[in-house]
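Novice:
Numbering (this note's numbering), first residue to last: 955 to 1338.
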């Protein structure tokens, strides 16, 4: 999936990197204080919100190594654009950390005594699990007060940064050749002509867990009963569906006609990628046969890790991500920023009425308590 900041839409609206360049060396737009000041120790920046407001010095930023933040990676939510803009403005290069939220959590646990990364980024419930495992430390980034109360922890350990909704992305041209209509429910995907080349991800990844919760809810399940999605996964696998992380290139070549990820995934592919014609990509929000909702609204966020090897650079990066400049990068790829109400939303999203019909959330506290058992039950039950 392409996340080139110089897309058609960015050229028309102005890229977030351009906004960043206009305020280079200054944190005023972050709400973090008076900005950067030159001195014998390099630049100094004010970061943090409220009692976490402090100064960081560029002399303490990594120079011979990269800043490691879990799940900040190419091909995902426009992180390459964020990484490039941050490096251009502050001279700090981010490591391209290609792994899922579940893999990141396991890695953080295995390195608890000697952390290799400075911050955890990924599915919000995974970040809270990291906090509950004593892997994080409190830090409220600048503009923390702009984040909704249900998208952050009061102790400052975890902060939401963007939201996305489970959706089906499909090849409209292939569907037309097969005589298929746009799917409206998860049951529609049980057609042999769709199952045969459908791609999904396992629930170990946050995006895969969101899909599983979507299907389970649409088919009458709950956080205490995941048998509906287990049965569904067994059926679609018999029909040819595959669970894989690598399917985007195959989708553009027409080898996969459908995949389940998020709304942003399909919209970014449709409008920001020249490998497949815009008119050949469809994005559908799915529900249940009885009108039940089947599009999970997933929250993503981050946390500063305890004993972070580069805490000052990590704090500055976290502030940048939550600034309007940083938030615009997500929106350029059609991931909805947590501060979306302060930005101009594009017209390319599916109609809001469809979100109202299909979108749902679950209690985050309950999900966090039951998440590991849910993942294990689905993985074992569906042979994943």
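Beta carbons: idealized from backbone N, C-alpha and C, even for Gly.
Less than 8 angstroms between the CB atoms is what I'm expecting for residue 1198 and residue 1260, so what's the real figure, rounded?
Specialist: The C-beta separation of residue 1198 from residue 1260 comes to about 34 angstroms, leaving the pair out of contact by the 8 angstroms criterion.
Novice: When DSSP labels each residue in this structure, what does residue 1304 get in the three-state scheme?
Specialist: Judged by DSSP in its simplified three-state form, residue 1304 adopts coil rather than helix or strand.
Novice: Between which two residues does the beta strand (DSSP E) containing residue 1216 stretch?
Specialist: 1212-1216
Novice: What would DSSP say about residue 1250, mapped onto helix, strand or coil?
Specialist: strand
Novice: Using only the alpha-carbon positions, how far apart do residue 1322 and residue 1083 sit?
Specialist: 7 angstroms
Novice: Alpha carbon to alpha carbon, what distance is there between residue 1044 and residue 1187?
Specialist: If I take the Cα positions, the gap works out to 46 angstroms.
Novice: Using CA atoms only, rank isn't needed, just tell me which of 1119, 1158, 1125 is closest to residue 1241.
Specialist: 1119
Novice: Thinking just about the alpha-carbon of each residue, which of 1091, 1212, 1052 is nearest to the one in residue 1125?
Specialist: 1212
Novice: Looking at the secondary structure, which residues open and close the beta strand (DSSP E) in which residue 1339 lies?
Specialist: Residue 1339 falls outside the range modelled here, since the chain spans only 955 to 1338, and no answer is possible.
Novice: Beta-carbon within less than 6 angstroms of residue 985's beta-carbon, same chain only, minus the 5 sequence neighbours each way: which residues are those?
Specialist: Only weak support exists for where residue 985 lies, its pLDDT of 44 falling under 50; the value from the coordinates is given anyway. The residues are 1096, 1097.
Novice: Hey, is the stretch 1021-1034 in contact with the stretch 1061-1076, meaning 3+ C-beta pairs nearer than 8 angstroms?
Specialist: yes
Novice: Could you tell me whether the stretch 1258-1272 touches the stretch 1140-1150, where touching means 3 or more Cβ pairs closer than 8 angstroms?
Specialist: no
Novice: Pick helix, strand or coil for residue 1028, following the three-state DSSP scheme.
Specialist: coil
Novice: Which residues bound the alpha helix (DSSP H) around residue 1056?
Specialist: Residue 1056: member of the alpha helix (DSSP H) spanning 1055-1064, first to last residue.
Novice: Is residue 1288 near residue 1221, with beta carbons less than 8 angstroms apart?
Specialist: yes
Novice: State the start and end residues of the unbroken alpha helix (DSSP H) segment that holds residue 1082.
Specialist: 1078-1086
Novice: Whose CA, out of 1176, 1132, 1071, lies closest to the CA of residue 1269?
Specialist: Closest by alpha carbon: 1071.
Novice: My output table needs one value for residue 1197: the three-state DSSP class, helix, strand or coil.
Specialist: In the structure shown, the three-state DSSP call for residue 1197 is strand.
Novice: Rounded to whole angstroms, how far is the Cβ of residue 1227 from the Cβ of residue 1127, which I believe are closer than 8 angstroms?
Specialist: About 15 angstroms separates the two Cβ atoms, so there is no contact after all.
Novice: Grab me the residues of residue 1335's own chain with a C-beta within less than 6 angstroms of its C-beta, minus the 5 sequence neighbours each way, in chain order.
Specialist: 1184
Novice: CA-CA distance, residue 1337 and residue 1171?
Specialist: 20 angstroms
Novice: Residue 1079: buried (16+ other C-beta within 10 angstroms of its C-beta) or exposed?
Specialist: buried
Novice: Should residue 1114 and residue 1292 be called a contact, given that it needs their Cβ atoms to be closer than 8 angstroms?
Specialist: yes
Novice: Does the stretch 1009-1017 come close enough to the stretch 1043-1063 that 3 or more CB-CB pairs lie under 8 angstroms?
Specialist: yes
Novice: Would you call residue 1067 buried or exposed, if buried means 16 or more other Cβ atoms sit within 10 Å of its Cβ?
Specialist: exposed
Novice: Determine the DSSP secondary structure at residue 1074, reduced to helix, strand or coil.
Specialist: strand
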